[in-house]
Amino acid sequence: MTIENIKKILADQLYIDINDISEDSDIIDDLGADSLDIAELIMSVEEEYGIIVTDERLMGIRTIGQLTDLLNETV
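Just so we're on the same page, this note's numbering is the position in the sequence shown counted from 1, plus 60.
Structure representation (structure tokens):
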């Protein structure tokens, strides 16, 4: 799973330009996502890649890069 995959999912979900998302983008502060948006993102990724991400593993994840690293560890 690449950062580009995550950026595309987020851009589609949040209706923002994919070019406005970087590896260092804070999902909440920079992109304006809320907890529901994050839950939907995780459900989309889980469904697409056949993985399960626990809430405990998501604690402390703030940036797109951190999320991508976590998801790659889970696959």
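Note that CB positions come from ideal geometry on N, CA and C, so glycine has one too. Quantities reported herein were computed from a predicted structural model and do not represent experimental measurements.
| query | Which residues in the same chain have their Cβ closer than 8 Å to the Cβ of I102, if we skip the five residues on either side of it in sequence? | reply | Around I102: V113, L118.
| request: Could you have a look at T62 and say whether DSSP puts it in helix, strand or coil? | output: Here T62 carries a coil assignment [DSSP, helix/strand/coil].
| task | Tell whether a beta-carbon distance below 8 Å holds between E83 and I121. | result | At least 8 Å separates the beta-carbon of E83 from that of I121.
| Anticipated Cβ contact below 8 Å, D97 with Q73, distance rounded | Contact holds; Cβ gap of about 6 Å.
| query | Under a three-way DSSP split, which group does D129 fall into? | reply | Of the three classes helix, strand and coil, the one that applies to D129 here is helix, per DSSP.
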